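Numbering (the numbering used here), first residue to last: 1155 to 1428. Glycine included, each C-beta is placed from N, C-alpha and C at the ideal position. Just so we're clear, the structure is a prediction, and the values are computed from it rather than from any experiment.
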Amino acid sequence: MKTIQKTAIALAASGLFATAAFAQTAPAAAPEAPEVSPITANVTVTNNYIYRGISQSNFKPAIQGGFDYAHESGFYIGNWNSSISWVSDGGAATSAPIEMDFYGGFKKDLIAEGFASDFGLLQYYYPTSGIIAGFTNPNTTEIYAAQNATFGPVTGFLKFSYALSNTFGFANSTGSSYLDLTGNYDTGFYGISLNAHVGMQRIAGQYYTAQQATVSYTDWKLGLTKDFGGGLSASAAYVGTNVKQGSGGSYAYYSPTGRNLGGQTGLVSLTKTF
C-alpha cells in the first residue's frame, strides 16, 4: 500500500498567525487509494490433490501454485501447476510428476453487478514421453462458460466445460463435458465460509454393457474455509463420487494397488495468495 503525506510549513513574519489558524482548521489530506495489481499469485499445500472427485496424486500430499493476470477490460490469462502421479501410475507413459494448466478468457459483470459471466479456454498439459501403443495422450483441451452470482453472503456459480480433444487419456472421448454447481456461504463468524459442490463428468465415446461400469460419474463436496486475512486461508472438506468397480471390471479410476481413486475421503489444504 502506498501512503502519501504532504506537509507544507510557511513561516513569514507577516503571515505567521494566519498560517497557524489555517493549519488548525484545514482537513488532513486523504491518503490515495491502494493500487490494485493486475497480477496475483497463489501457492497451496494439500494432503491430496483431488480434481473432479478423483485423486490425481494417489492420496498423497501435493504442492500447487500459479499466477493470474487480469486486465480491467475483463480479459485474463493464467497458469496453474500441481504435483501428480496418475499418468505414471497408470503405466501409459514415462511422465514428469506434474500437471501444467494454461488458460485465458473473459470475465465481466454482463448481467448486473455481482453476476460475472466467464468464458474461456483451458489446456491441461502433462509432460510425457514414450506413450505405449494403445494408450491415448492425457493432454486435454476444454472450453468453458460460467455464470457467477452473489446474493449477500451467498456466492456461487454454474459452469459447463466441453472437451475439444480426447479427455484425460480416454480414447475417442472428444466432446466429453463437465457440469459444475458450486455454492459458498459466508457465516460472518471468524472468517468461516461453508462450501458445497456437485459435479457431473460425462466421458463421450464410452459405450459399456450392463455388465461393465461406465466411466462417467457424479462427484460432490461439503466443506469449510477459514480466511485468516492477508491472503492466507485454510480449508477442510469431505469429498466423494459414485465411481464403483463394475461387475465386468472397470478400473479406469483405480490405483495400481486397486484403491478407488474416487472414493470418499477427507481433504485439507492451506493456501496463500499474493
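First through last residue of the beta strand (DSSP E) which encompasses residue i
i     : result
V1369 : That residue, V1369, is in no beta strand (DSSP E); it is neither H nor E in DSSP.
V1116 : An answer regarding residue 1116 cannot be provided, because it is not within the stretch 1155 to 1428 covered by the chain.
S1423 : 1419–1427
S1315 : 1308–1317
Where residue i falls, given that 16 or more other Cβ within 10 Å makes a residue buried
i     : result
Q1210 : buried
P1292 : buried
G1420 : exposed
D1263 : exposed
S1327 : buried
I1217 : exposed
E1267 : exposed
E1253 : buried
L1376 : exposed
Y1392 : exposed
V1190 : exposed
A1287 : exposed
Y1332 : buried
I1265 : exposed
G1169 : Legend: pLDDT at G1169 = 42, less than 50; position of this residue unreliable, no value from coordinates given.
F1176 : With a pLDDT of only 32 at F1176, under 50, the local geometry of the prediction cannot be trusted, and no value is derived from it.
V1226 : Residue 1226 is actually Glu in this sequence, not Val. Per the 10 Å Cβ criterion, exposed.
F1305 : exposed
G1284 : exposed
I1357 : buried
Y1344 : exposed
Identified DSSP bridge partners for residue i
i     : result
A1266 : F1269
G1383 : L1386
L1276 : Y1257, E1296
L1378 : L1348, A1390
G1353 : D1334, D1373
Q1210 : Paired residues: none, contrary to the question.
S1409 : The partner list for S1409 (beta bridge, DSSP) is empty, contrary to what the question assumes.
I1252 : S1237
Own chain residues within Cβ distance below 7 Å of residue i, not counting five before or after
i     : result
G1259 : Y1230, D1272, F1273, G1274, L1275
V1397 : Y1371, Y1407, N1414, G1416
L1310 : Going by the sequence as given, residue 1310 is Gly instead of Leu. So the list reads A1303, T1336, G1337, N1338, once near-sequence residues are dropped.
S1387 : T1379, K1380, D1381, T1425
A1325 : T1290
Close-in-space but distant-in-sequence residues of the same chain around residue i (CB under 6 Å, 5 per side omitted)
i     : result
Q1418 : G1394
W1240 : Q1210
L1312 : Q1301, L1335
M1354 : L1333, T1372
Q1277 : F1256, T1295
S1423 : T1198, T1200, S1389
A1250 : P1281
Any chain B beta carbon closer than 8 Å to residue i
i     : result
D1373 : Given the protein chain composition of this structure (a single chain), no chain B is represented.
Distance cut-off 7 Å: residue i Cβ against heavy atoms of the ligand ADP
i     : result
F1273 : With respect to the ligand ADP, the structure offers nothing, as it holds no ligand at all.
Own chain partners of residue i with C-beta closer than 8 Å, once the 5 adjacent residues on each side are dropped
i     : result
L1378 : I1346, S1347, L1348, N1349, S1389, A1390, A1391
Along the chain, which unbroken stretches of the beta strand (DSSP E) at least 3 residues long are found entirely within the region 1322–1347?
With a minimum length of 3 residues, the continuous beta strand (DSSP E) runs that stay inside the region 1322–1347 are 1331–1343.
Taking only runs that begin and end inside the region 1218–1248, name each unbroken beta strand (DSSP E) of 3 or more residues, in chain order.
Taken in chain order, the complete beta strand (DSSP E) segments of 3 residues or longer contained in the region 1218–1248 are 1229–1237.
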